[in-house]
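Asks: Please find one structure pasted underneath; my questions will follow.
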Amino acid sequence: MDAAIPSRLLFTDSDWDFAKLSRTYEAIEEIAVDDLGLDTYPNQLEIISAEQMLDAYSSVGMPLMYRHWSFGKHFLYEAQLYRKGLRGLAYEIVINSNPCIVYLMESNTMALQAVVTAHAAFGHNHFFKNNYLFRQWTDAGAILDYLEFAKSYIARCEERHGLEAVEAVLDAAHALMDQAVFRYRRPPRLSSEKEREGLREKLEYEERTYNDLWRTLPTPKNEEEAEEADHGAAERKKKLNLPEENLLYFLEKNSLVLEPWQREILRIVRVIAQYFYPQRQTQVMNEGCATFVHYTIMNALYDKGMINEGAMLEVLQNHSNVVFQPSFDDPRFSRINPYALGFDMMRDICRIATDPTDEDRDWFPDIAGNGDWRATLLDAWANHRDESFILQYLSPALIRKWRMFVLADNASESHYEVASIHNERGYSKIRSALARSYDIGMSRPDIQIVDVDLLGDRHLRLEHKVKDGLLLDEATRDQTLRHIRSLWGYAVSLAGVDAETGAMLYERSSNQITD
Amino acid sequence: MPSFIDRRLNPQDKSLGNRQRFLKRARGELKRSIKEKIRTGKIADADAEHAVPMPARGTGEPAFQNAPGTGRRDHVLPGNKEYQAGDRIPKPSGGAGGSGKAAGDSQETEDDFRFVLSREEVLDLFFEDLELPDMVKLNLKEVVAFKPRRAGFAKTGTPTGINVGRTMRNSYGRRIALGRPKQEEVDAIMAEIATLEAETKPVAATLQRLAGLRAELEHFERRRRLIPYIDPIDIRFNRFDPQPLPNANAVMFCLMDVSGSMGEREKDLAKRFFVLLHLFLKRRYERIDIVFIRHTHEAREVDEETFFYSTQSGGTVVSTALEEMQRIVEERYPSKDWNIYAAQASDGDNFANDSERCVTLLDKTIMPLCQYYAYIEIIDERESHIFGSTDNGTSLWRSYRMVGNKWPNFQMTRIARPSEIYPVFHELFSRDSNLRKLGTKAR
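Respectively, the protein sequence lines represent chains V and C. Quick note, the first sequence lines up with residues 923 to 1437 if you use the working numbering. Quick note, the second sequence lines up with residues 36 to 478 if you use the working numbering.
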């Protein structure tokens, strides 16, 4: 049958098999590398069932993860939504690792598998390998080994110290995950397996040779007191590297009540939070890049006669579902669809590079009409995160096309105010407002450790810089403070300080919180 | 070249450990849900999967979050139709809801989110404060065992299950019916051909005979080829039906005093007592009927709903319930076909001289019919230490003691807490092996 058709079609029906997948992969790879100039990690494509997709969902998309009750809870949610038909499952999951792991759902048709391969195995993969955030902050080659270590380490802790004890530490650590990343300075590299092994051996040696007698030795009191007097608050802070934005890091290094294994667990949670941090900052770009890549590649395949009209129609239908953006007054509207925004921006950059208007030349003098959209996009993908990308590339043309407007919402007023619309006066304001909304540093509460007197009452002081009057939800704030207290072991207090005026807005101490 | 890995056959249930941890975490709340289910549901439904609401307490995942109704935010929205800069739009009266939606966090409501607990998980939660011995828990959770039993023949099956006798019989019948030449007949012809061929000077008659024989041989052989010795249609396999063990019916009588003195707590305890007996019986018997008899000064058979929930006023005459039970047994459950179990719950009140009558009824007519009779007297928690182990008590208690002494399958206990229910069944569970024999009597 196939031999009778002298065509270059990669497949003609909707069922997939491994031969077709492989053939299609090679055709896609040719376009991705030769035409688009993508640079990817080697791919490992894994076929999984719906059940396994749900498993992956509940363990934050990772192929292996330590055990915790919250993952069980999420699994129940996802499974229930899926069984009720409220939510379909993703066609794929892609993991930022080397080799790059791409999960393909077994229920996808062949045309969908082709889209997904182009989308994940080339689009996302290229982005992971080349974007500066991922290059600087994640170690794709080590993450799977690290997770393997984390899983077995926590399992060993559960055996040695009991489920409850491990659970208590994990609960507290998870509560602080948002405050467990270094935003400004480069984190220390993941220590290699060898180093960790050495550390563990050292700890085990100390445990073996521990002698309670040493504890009873009298401490040289006078000397200590003298030292304490010398240390002014400033010097004290400097010694502890305060203020510190990474709460888990501080607790891991400085808490006086944690056992070594508890510190290691905090470290595991912190490392995983840091690993995911770039993904949260590049949603629009990452999805935009992948969607643009699959759209371009599938069209190229169709133009070369390698997929037929039927497959192309299916591709286009799925593609338009993915990039569907309802208006704000549509009942289906929940938020700006990152796929839609990202894809439209990539297309817009192509347009500006190849066919600019006078307006584009005013706004984008360095890329307008340079004719090389491939290089322009590769450069944007490598060197931006969502916030800077939008600030740099959102064009007035796209703002008009989307008919974007800014709605100012002041909690103290009974109405919203339309602050800017898509006109000359509004373009740059809309652009910076949209960019700001993708800045995680702005949308996440900024909470730092500012002071602790380790030799005095050991009271841990946190400061919340209140921006734009955004206060914390009180119930979760108190519960989270209680978690910090359990890790720190001594009193903890959180002060809310207005970021502009420096005025104290509230103060909450763990002593005030009762069950 | 990519590497493809087919993960579909990997071990399933990767998140089972997480599920167990979650259930453990939410145990208190789930237990309450299950208890409520069992309290409001039917006795026979206790032993099944149950959908329960997502527990909220203890399963929150707090983090520092901005409170929705505070501060100043800018929302960028697509699809402007008529707004100009400076337009004011009144906020929806929901307040926080409106801004929350605009901010784009679609929070799932936890209200009617339910998930399904498996039968094992339900029973684990149900057993928790009944303090059953582990062995008993295990026995109750065990699914009824099936034993394959010969049940005639089937046309399909596995080669190992071929029934040779039946297959050969079919083959033989078919061979006779279709007239398949036998081996002896063929042998005889071949022998005759051989002798005729051996003749040195064959006469014409012999040659003719020889030709006839050869034609006949050829005919025979063709027939033998066409009609096989064993045809696929002859083949029969042994057929097995899964047979639950033991294969018998049981009827369970629930007797309860519903006079005013039985309050919510008493009925709740009684219900758990009935559920436990039902679980035990369900494991033993393929079919269980439940009969509910409630009584005040008169007894009536009612449905489960009425039994637990409707109230009735009146005095207390226990013997009426026993008489009703006796009547129903005679009418519908002849003791030669049914294993009869009875469970009675009461607060011990009885009309003055009626206890004597109860003893007579039990002793003469009911106990000979019953496999087991369990009686619980529900007492106040404050009284439990007074009555704990003494034989003092209500007239009904004292009278039942006499029955209990005489009949080993009569068990009684006083309970104030769920953990005290089990002892009344102690005999039932420990005499498991004996009962197995008894249970099969009414085959």
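The beta carbon of each residue, even a glycine, is placed where N, CA and C say it ideally should be. Since this is a predicted model, take the numbers as computed values, not measurements.
Under 8 Å Cβ-Cβ, which residues of chain C neighbour V:Gln1002?
Replies: Taking the first sequence and counting its residues from 1, the one referred to as residue 1002 of chain V is at position 80. Per Cβ cutoff of 8 Å: Phe148, Arg149 and Phe150.
Asks: To the nearest angstrom, report how far apart C:Met402 and C:Thr429 are at their CA atoms.
Replies: Position 367 of the second sequence holds residue 402 of chain C. Position 394 of the second sequence holds residue 429 of chain C. Straight-line Cα distance between these residues: approximately 21 Å.
Asks: Output, in chain order, the set of chain V residues within a Cβ distance shorter than 9 Å of C:Val157.
Replies: Counting from one through the second sequence, the residue named residue 157 of chain C turns up at place 122. The premise fails here: C:Val157 is roughly 16 Å from chain V at the closest Cβ pair, so nothing lies under 9 Å.
Asks: Alpha carbon to alpha carbon, what distance is there between V:Asp1368 and V:Tyr1315?
Replies: Here residue 1315 of chain V refers to the residue found at position 393 when the first sequence is read from its first residue. Here residue 1368 of chain V refers to the residue found at position 446 when the first sequence is read from its first residue. Roughly 27 Å separates the two Cα atoms.
Asks: Assuming the contact rule is C-beta atoms closer than 8 Å, V:Arg1202 and V:Leu1170 should be a hit. Round their C-beta distance to whole Å, please.
Replies: As a working note, residue 1202 of chain V is residue 280 in the first sequence. As a working note, residue 1170 of chain V is residue 248 in the first sequence. Not a contact, Cβ separation roughly 16 Å.
Asks: List the residues that DSSP assigns as beta-bridge partners of V:Glu1476.
Replies: Not covered by the structure: residue 1476 of chain V. The range shown for chain V is 923 to 1437.
Asks: In its own chain, which residues sit with a C-beta less than 6 Å from the C-beta of V:Tyr1261, not counting the 5 before and 5 after it?
Replies: Working through the first sequence from its first residue, we reach residue 1261 of chain V at position 339. Excluding residues within five positions, the ones whose Cβ falls inside 6 Å are Glu1209, Thr1213, Val1244 and Val1245.
Asks: Going by beta-carbon coordinates alone, are V:Ser1432 and V:Val1419 separated by less than 8 Å?
Replies: Counted from its first residue, the first sequence places residue 1432 of chain V at position 510. Counted from its first residue, the first sequence places residue 1419 of chain V at position 497. Not in contact: V:Ser1432 and V:Val1419 (Cβ atoms no closer than 8 Å).
Asks: Of all the CB atoms in chain C, is at least one closer than 8 Å to the CB of V:Ile1328?
Replies: Against the first sequence, residue 1328 of chain V aligns to sequence position 406. Residue identity differs from the one stated: residue 1328 of chain V is Val in this sequence, not Ile. Yes, V:Val1328 lies at the interface with chain C (some Cβ there is under 8 Å from its Cβ).
Asks: With C:Val438 and C:Leu404 assumed to form a contact (beta carbons below 8 Å), what rounded beta-carbon distance in angstroms separates them?
Replies: To locate residue 438 of chain C, count along the second sequence from 1; it is residue 403. To locate residue 404 of chain C, count along the second sequence from 1; it is residue 369. Not a contact, Cβ separation roughly 14 Å.
Asks: Taking buried to mean at least 16 other C-beta atoms within 10 Å of its own C-beta, is V:Lys1323 buried or exposed?
Replies: Reading the first sequence from its first residue, position 401 is the one you call residue 1323 of chain V. So V:Lys1323 ends up on the exposed side.
Asks: Starting from the Cα of V:Arg1167, find the closest Cα among V:Pro1318, V:Lys1387 and V:Glu1119 and give me that residue.
Replies: On the first sequence, residue 1167 of chain V is found 245 positions in, with the first residue counted as 1. Note on identity: in this sequence residue 1167 of chain V is Glu, with Arg being the wrong assignment. Of the candidates V:Pro1318, V:Lys1387 and V:Glu1119, the one whose C-alpha sits nearest the C-alpha of V:Glu1167 is V:Lys1387.
Asks: Looking at C:Tyr410: is its Cβ nearer than 8 Å to the Cβ of C:Tyr376?
Replies: Position 375 of the second sequence, counted from the first residue, corresponds to residue 410 of chain C. Position 341 of the second sequence, counted from the first residue, corresponds to residue 376 of chain C. Cβ distance not < 8 Å, so C:Tyr410 and C:Tyr376 don't count as in contact.
Asks: Mind checking if V:Ala1425 is an interface residue toward chain C, Cβ cutoff 8 Å exclusive?
Replies: Position 503 of the first sequence, counted from the first residue, corresponds to residue 1425 of chain V. Answer no: the Cβ-Cβ gap between V:Ala1425 and chain C never drops below 8 Å.
Asks: Would you kindly report the start and end of the unbroken beta strand (DSSP E) that includes C:Thr448?
Replies: One-based indexing of the second sequence puts residue 448 of chain C at position 413. Taken as a continuous stretch (DSSP letters only), the beta strand (DSSP E) holding C:Thr448 covers Phe445 to Ile450.
Asks: Is DSSP giving C:Pro88 helix, strand or coil here?
Replies: Looking up residue 88 of chain C in the second sequence gives position 53. Here C:Pro88 sits in strand by DSSP.
Asks: Note down the Cα distance separating V:Ser1177 from V:Asp1308, rounded to an integer number of angstroms.
Replies: Here residue 1177 of chain V is taken as the residue at index 255 of the first sequence, counted from 1. Here residue 1308 of chain V is taken as the residue at index 386 of the first sequence, counted from 1. Cα-Cα distance, rounded: 35 Å.
Asks: With distances taken Cα to Cα, identify the nearest neighbour of V:Glu1014 among V:Lys1351, V:Ile1274, V:Lys1006 and V:His1046.
Replies: Residue mapping note: residue 1014 of chain V aligns to position 92 of the first sequence, counting from 1. The option with the nearest alpha carbon to V:Glu1014 is V:His1046.
Asks: With which residues is C:Asn273 paired in a DSSP beta bridge?
Replies: By one-based count along the second sequence, residue 273 of chain C stands at place 238. Note: C:Asn273 sits in a beta bridge opposite C:Phe188.
Asks: So, is the C-beta of C:Arg54 closer than 8 Å to a C-beta in chain V?
Replies: As a position in the second sequence, residue 54 of chain C is number 19, starting the count at 1. At least one chain V Cβ lies under 8 Å of C:Arg54.
Asks: Between C:Gly104 and chain V, is the shortest Cβ-Cβ distance under 8 Å, so that the two count as touching?
Replies: Locating residue 104 of chain C in the second sequence gives position 69, where the first residue counts as 1. So, interface residue.
Asks: Please list, in chain order, all residues of the same chain as C:Ser303 whose beta carbon is under 7 Å from its beta carbon, the five residues on each side excluded.
Replies: Reading the second sequence from its first residue, position 268 is the one you call residue 303 of chain C. Just to set this straight, residue 303 of chain C is Asp in the shown sequence, not Ser. For C:Asp303, where only same-chain residues beyond five positions count, the Cβ hits under 7 Å are Arg74.
Asks: In the DSSP assignment, find the unbroken alpha helix (DSSP H) run with V:Trp1285 in it and report its ends.
Replies: As a first step, residue 1285 of chain V must be located in the first sequence, where it is residue number 363. Its alpha helix (DSSP H) spans residues Asp1280 to Trp1285.
Asks: Spatial neighbours of C:Ala378 within its chain, please: CB distance less than 6 Å, with the 5 preceding and 5 following residues excluded, ordered by chain position.
Replies: Here the question's residue 378 of chain C lines up with position 343 in the second sequence. If we look at C:Ala378 and ignore the five residues flanking it on each side, its Cβ neighbours are Cys289, Phe309, Leu312 and Ala409.
Asks: Going by beta carbon distance, what residues of the same chain come within less than 6 Å of V:Thr1402, once the five residues before and after it are set aside?
Replies: Along the first sequence, one-based indexing puts residue 1402 of chain V at 480. The residues are Ala1097.
Asks: State yes or no: is the C-beta of V:Thr946 within less than 8 Å of the C-beta of V:Leu932?
Replies: For this step, residue 946 of chain V is matched to residue 24 along the first sequence. For this step, residue 932 of chain V is matched to residue 10 along the first sequence. A contact, by the Cβ cut-off of 8 Å.
Asks: CA-CA distance, V:Arg1005 and C:Arg60?
Replies: Within the first sequence, residue 1005 of chain V is the residue found at index 83, counting from 1. Within the second sequence, residue 60 of chain C is the residue found at index 25, counting from 1. Computed Cα separation, rounded: 24 Å.
Asks: Could you tell me if C:Thr355 is buried or exposed, where buried requires 16 or more neighbouring beta carbons within 10 angstroms of its beta carbon?
Replies: Here the question's residue 355 of chain C lines up with position 320 in the second sequence. So C:Thr355 counts as buried.
Asks: Are C:Ile224 and C:Leu245 touching if we call contact CB-CB under 8 Å?
Replies: Position 189 of the second sequence, counting from 1, holds the residue named residue 224 of chain C. Position 210 of the second sequence, counting from 1, holds the residue named residue 245 of chain C. No, these two residues do not count as a Cβ contact at 8 Å.
Asks: List the whole-angstrom C-beta distance separating C:Thr202 from C:Asp269, where the pair is believed to meet the contact cut-off of C-beta under 8 Å.
Replies: Residue mapping note: residue 202 of chain C aligns to position 167 of the second sequence, counting from 1. Residue mapping note: residue 269 of chain C aligns to position 234 of the second sequence, counting from 1. About 5 Å; that satisfies the 8 Å criterion.
Asks: The stretch 1307 to 1324 of chain V: which residues have C-beta closer than 9 Å to a C-beta of chain C, in chain order?
Replies: Under the 9 Å Cβ criterion, the stretch 1307 to 1324 of chain V contributes Trp1324.
Asks: Identify whether C:Ser434 lies in helix, strand or coil by the three-state DSSP scheme.
Replies: Translated into positions along the second sequence, residue 434 of chain C becomes position 399. In the structure shown, C:Ser434 sits in a helix (DSSP, three-state: H, G or I).
Asks: Spell out the partners DSSP gives V:Gln1370 in its beta bridges.
Replies: For the purposes of this step, residue 1370 of chain V is taken as residue 448 along the first sequence, with counting starting at 1. DSSP, once it has assigned bridges, lists V:Glu1385 as partnering V:Gln1370.
Asks: Would you call the CB atoms of V:Arg1257 and V:Pro1248 closer than 8 Å?
Replies: Translated into the one-based positions of the first sequence, residue 1257 of chain V becomes position 335. Translated into the one-based positions of the first sequence, residue 1248 of chain V becomes position 326. Their beta carbons are not under 8 Å apart, which means V:Arg1257 does not touch V:Pro1248 by this criterion.
Asks: Thinking C-beta only, is C:Arg154 closer than 8 Å to C:Arg26?
Replies: Outside the displayed range of chain C (36 to 478) lies residue 26 of chain C, so it cannot be described from this structure.
Asks: In chain order, what residues of the same chain have a beta carbon less than 6 Å from the beta carbon of V:Glu1385, not counting five sequence neighbours either side?
Replies: Residue mapping note: residue 1385 of chain V aligns to position 463 of the first sequence, counting from 1. Gln1370, Val1372, Ala1417 and Val1419, listed in sequence order.
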